[in-house]
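Chains as they are written, first to last, in our numbering: chain A, 1 to 429; chain B, 430 to 858; chain C, 859 to 1287; chain D, 1288 to 1716.
Think of the CB as a built atom: it goes at the ideal place given N, C-alpha and C, for glycine as much as any other residue.
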């Protein structure tokens, strides 16, 4: 019986998987296949994926070229796991990253392959900043998200995650993100004031770590001017400037780095999520050469050499970043997406959030946002919330999504907003 | 020219990779393929792998069945990355793990998929123990290794790694491992004495975390009796008993768990390394149901659902753990390996370390051990050191290695020991 | 010879006292006697004391009635030291404090006799707030000073003192004091914003600790409205409201408590400095009954029962606080002092700081302020600086000073300001 | 009415004093006068004081010469409070301390006047050791007591006090005191083993802090040989050697320092309790000149110049330490006291603890010890307990006690032991 068939696997999860599981609660279906911007459940029902692994699948599910490269590599007995030994796949990735990403930007950063999670890349960045400066305090921002291992978690703002530590989190001073205290207050000035005052009680920082767009924190997007000022404050006070580009990087906001074109020169950049191109675990910490003072193996990790990910990552760089076409395409889609969301927001007296293809609508409350997402899912759209109160409906679709599928997804969103919030336009007329 | 060919890629690493890299310094070759217990460099030279990803490749490189399962999965557009949504691959892994591993042992643990690194599994375990007990102190042991993210690093003993934090590590009290103070002192008694004394200054612990064999710490193997006593001490003092089975598990010491057959019932078990079977990043924290009090997503991580790894992990369980043959085979090899190492050690007045297929010889100093490993590598054997002073030559070959290749590898070791230490037997005669 | 006579004792200090000594560097004379607002050096030269033990000698040196009470007590073999046993002197102090201070204000606080230092009273307050709430984070303010023991030091803003810890200070989040970011920004709103946001990264606080006037931090005086708002924020977010009244209390700003008449109801008040009336070590932590959840001796200290100090403290309460005359007298002097300082400040385009008899002039730089104080000392006036850059010339004379001596002291200040800054009034004419 | 008279003051304490009070629970009488080894309650009843302010009153209550010196000083308007300015009283104390204590021992230590509590002296010592070495870890011992402010509390072993922090205590690693693991285990060897192992997980220490006799921890007395070894271990591993002589110093164990005659040369010594001679708050941290790297005021505190205490402290040094008579007298009494306690212990199959005039009997349980002390109090003897379970009946009488009063006190103890434990000798016959 089909009922039996669908119930059994759920029972497995109920029986064997920890209750820490989360997304499966919003999307209680059993999925098996995925291609591009579409995920399929076991009954063959297709869902458009506006979540995309929280920006891990910027190039979509199972891109045919990445897939082919990976299958070929495996078929040829390419090394899957080699700790951090020299492998052909790693060399190819490094050379490609240097050629297509670093050199065109005049960047001379060294790549540290950390454990293949964003949190690990952040941990490495924080440790290194402390080593380099001999200071321990790190400035992180309200609503920032940097991971949940104990070092990174201290920099993360989210209260639920912080509470999971069940012990005090130390080593981080919180500063207010761009716009946090309203349009009239330049929060960078507040930070500079404190760091310039030897009796402020804010210790001289080892680093300032910032996301250019806060993915988990509510799609707050910092202005280039504010980021420039934060970078200047870091330099002025002898701190390293770290950009956590884990969620906003890899094209999500347009360029390969979310800070492309802003004239910034971060001392350290953390990357993960879409870096492997295909959703495979991979993370790097980019370090300016003068700060690369690690002793061999001082920060290590078994899976710091995920060679499958090197293969797909190099293929992704080659496919999407060897010229400007992909970036241009993303810009066009972002433009369309932005206009559509602005219209929906306008209809309901709401505001949009974010930048590039990392945008959403502040629905006004977590309850509303949850209701909207639930309706979307019932109509075949996977979409999630973000923000302090989960009040932002967030679009993180694959950047490679077709315009038709993007349009159809947004249409579902529009319907869901109307279903939950009523037709304001109609009401007004 | 071949010279050019070999030099160029090294230049890439020199130019672009952080100096934190380590194993590539011991084995300065460029590798591209691997099969079973053999790795090949770009010139096609074959090396026997007695390192095996530090016990990540217990089933060897590119096992044909795991490889086939993975290629089929990818070819069919199986989901690569799905955050922690329900997927067919995950369900299949969970059900297989339950059927082949948990049920036969009467274990009812829940599986938490943490970020796919051992450190992350340990972080989750430590956080959860603190949540469950409302205490913050965790007992870890001398020479223990549990990862380098800030929470796990506090539990790690290695001074170089600890120094990498560049900030004080907190929340862990150090206890002496089995045998640490010599054969006459039962270190479990020392710990119990301190925990039983309300004025000892050792705060009531949330957990005691222990490796049954300390892989990085010098292949120190705890006796079953000592482990039983540590478990009893944990229970007596209201602490959770955590076994970190990341390196010693998955058959390395014989059974699937390194503690199989010891009558232990750990509250939490951490696993990673060989869990995926093929070297892909995967980690789980096994939690007794009564301790699984996580809120949804309280501990999360982008790559906690590495579906490729679920596929190979399930295939590995099916292939190696559906009956006793593999374990029996490992036991035979371990027996042979142990005898050979004992003979070598005996020749030079040295001692062996470890248990099962996680064994080595204390060469007496780090310099000697390094010299031995260097000779081995020149003769086509990849082998590394372990211990406080890197003084232990450590054998972590694939468990699936053929007896011929195992023998050949040990023969190289024997030669290298003689080359460095002289032929004691000869001298004595 | 007089030269020999003056040099010898200095040699003793040079030889035997730690270089941590500080005030003796500003006032390099050997003093032996003191009466009222006057200190005498060994040559019999008189100095007017505008430092008064940093507000520890609000009733002047060796007040005749306090002195008489103490001599009588000692002569009669009154208990000097009794740990925290019940003594007649303690009972008398408690009953007097209750009758003259607590009851008239409708306060029901319990008195905890901590170790007899302000820092210890603050440590007790912080520990208790954490016990009561089960939270660890404590909000303290920019430029706050609360002592230099490790717990209190975390709440102290001064960088030099913080650096003395030589280890990271934890458990405190820094907020901006009233006016810290200029007149246009209500810093209480900034704090409330962060505490109201579950993802701000500022953990729910156990307490907010504040000085109504920051004595060491530059004589910054908070407005009653801001303090009321801070108290409301504490209550709103489940935190205890702690006023550190160690320097500003005991009449320094007019009332016995610096917050008298503001309608505040702090959960905990810390007191020390002038509490004993005669400069003897004494500190108390006042605790609302519902928060007094200490176990017996949970916070202890050998000198928590300084009975000599109980005797003089009770006598001081009786003499100065049994009616309104003293407070009225202080108000008159504060009025005169304020006008004189305003005139001096106005002459030089400077601003005054502080409130009541805890006032000063921001000289614009630490160099200027030091030069002014040095001239004052050469003219027989002991006066010190305060502030992030030691830029504030601070008046903390005994509250009992005669109008004549006060006038003469201010006259010296006026001369010193002119000597250092020139005669602006003259220049303008 | 007498009933009214005795009840009223108790009501005051009940109403107004925090429940943290402790000794008043064991000795619920209201005391007013004290002389030598005798305290009197308000009804004039005399009690022999075998507690002596926990060793703060080594020279007895209100010694006539100290009292006379203090009264004269106050009568002449001697400075009571002068922050850390140069005063005649301080100079006299420093010169006397140098002449009578430091020079005869060849010590060149500098005196830092910290806040006048033992805890503050310990905080200063810990901070300075961290500054000097650039390390943060401090080794402290099981059952050690060093104070309850947050820094010192981390070094204190007692669980109740530690729990009062309500936040994790950091920066201290616990080692086992001499004899802690029984006579067969040299705990200094255990510590050396851990510090010599770079992977032990015990970070290189800034200091080792130790009491020669653990006053609060159960009168555990370290052997000179063990202390020498601990000092050697500190030096070997680059750590400062700190002796906390707050309770055991000032003649309590015979010499002025508890380590006199042991050939030790501690880098830092902390002193408080009996230092002032008369029970007035005073504390110093003695620092070898090469470690006295404080910046001016880096560690400060309002009451660091308690001039009344300087007066009595200098007088006490002059009276008791200008020749060997006092030390000889203490040795004689200690001999007598030791024999009597040994006899009592022997009668009941118990063991004695401690050294010099800091001795007691392990009654076997806290209940027994409490019962014994209660009986003693009912017979006019004030005596308290010590140890992890408050199981040690502890004699800390004034060192100046007459042999008659000492004998009478011990007789009461003997009776109380028999009352609680029965007459074993009788039973055996």
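Under the three-state DSSP convention, the category residue i falls into
i                       : result
residue 1705 of chain D : helix
residue 431 of chain B  : Residue placement at residue 431 of chain B is poorly supported in this model, since its pLDDT is 41, which falls under 50; the coordinates are not used for a value here.
residue 444 of chain B  : helix
residue 40 of chain A   : strand
residue 506 of chain B  : coil
residue 857 of chain B  : Note on residue 857 of chain B: pLDDT 47, under 50, position unreliable in the model; no value is reported.
residue 1065 of chain C : strand
residue 520 of chain B  : helix
residue 1080 of chain C : coil
residue 180 of chain A  : coil
residue 1310 of chain D : helix
residue 1686 of chain D : coil
residue 237 of chain A  : coil
Contacts that residue i makes with chain C (C-beta to C-beta distance below 7 Å)
i                       : result
residue 1310 of chain D : 941, 942 and 943
Contacts that residue i makes with chain C (C-beta to C-beta distance below 9 Å)
i                      : result
residue 168 of chain A : 994, 995, 1028, 1029 and 1061
Minimum C-alpha distance to residue i - residue among the options
i                       : options                           : result
residue 393 of chain A  : A:384, A:400 and A:401            : A:384
residue 1035 of chain C : C:1023, C:1055 and C:1014         : C:1014
residue 660 of chain B  : B:638, B:762 and B:745            : B:638
residue 198 of chain A  : C:1019, C:952, C:1225 and C:959   : C:1019
residue 1012 of chain C : C:1203, C:1133, C:1038 and C:1027 : C:1027
residue 45 of chain A   : A:225, A:90 and A:32              : A:32
residue 1135 of chain C : D:1345, D:1367, D:1343 and D:1459 : D:1367
residue 643 of chain B  : B:761, B:454, B:760 and B:677     : B:677
residue 1590 of chain D : C:1133, C:1194, C:1230 and C:1115 : C:1133
Chain-ordered chain D contacts of residue i [CB-CB under 8 Å]
i                       : result
residue 1228 of chain C : Chain D residues near residue 1228 of chain C: none, gap ~13 Å exceeds 8 Å.
residue 981 of chain C  : 1435, 1436 and 1437
Chain-ordered neighbours of residue i on chain A, where CB pairs are closer than 7 Å
i                      : result
residue 710 of chain B : 116, 281, 303 and 306
Within chain C, the residues that residue i reaches when beta carbons sit closer than 8 Å
i                       : result
residue 1583 of chain D : 877, 878, 879, 880 and 883
Interface partners of residue i on chain B, CB under 7 Å
i                       : result
residue 1692 of chain D : Going along chain B, no residue has its Cβ under 7 Å from residue 1692 of chain D, so there is no contact; the nearest lies around 32 Å.
Partners in chain D for residue i, counting only beta-carbon separations shorter than 7 Å
i                      : result
residue 457 of chain B : The contacting residues do not exist; residue 457 of chain B stays about 26 Å from chain D at best.
Interface partners of residue i on chain B, CB under 9 Å
i                       : result
residue 1495 of chain D : Chain B residues near residue 1495 of chain D: none, gap ~14 Å exceeds 9 Å.
Proximal residues of chain B, C-beta to C-beta of residue i below 8 Å
i                       : result
residue 1481 of chain D : 571, 603 and 605
query: When the Cβ atoms of the region 1405–1413 of chain D are set against those of the region 1566–1583 of chain D, are three or more pairs found closer than 8 Å?
result: yes
task: Note down, one range per segment and in chain order, each alpha helix (DSSP H) of at least 4 residues found wholly within the region 962–1009 of chain C.
output: 976–991
- prompt: Are three or more beta carbon pairs between the region 1692–1702 of chain D and the region 1637–1645 of chain D nearer than 8 Å?
  reply: No, the region 1692–1702 of chain D is not in contact with the region 1637–1645 of chain D.
query: Can you list, in chain order, the stretches of the alpha helix (DSSP H) that have 4 or more residues and sit fully within the region 1102–1190 of chain C?
result: Complete alpha helix (DSSP H) runs here, min 4: 1165–1179.
- prompt: Is there contact here, the region 105–119 of chain A with the region 447–467 of chain B, by at least three beta-carbon pairs under 8 Å?
  reply: yes
- prompt: Counting Cβ pairs closer than 8 Å, one from the region 940–956 of chain C and one from the region 1168–1184 of chain C, do we hit at least three?
  reply: yes
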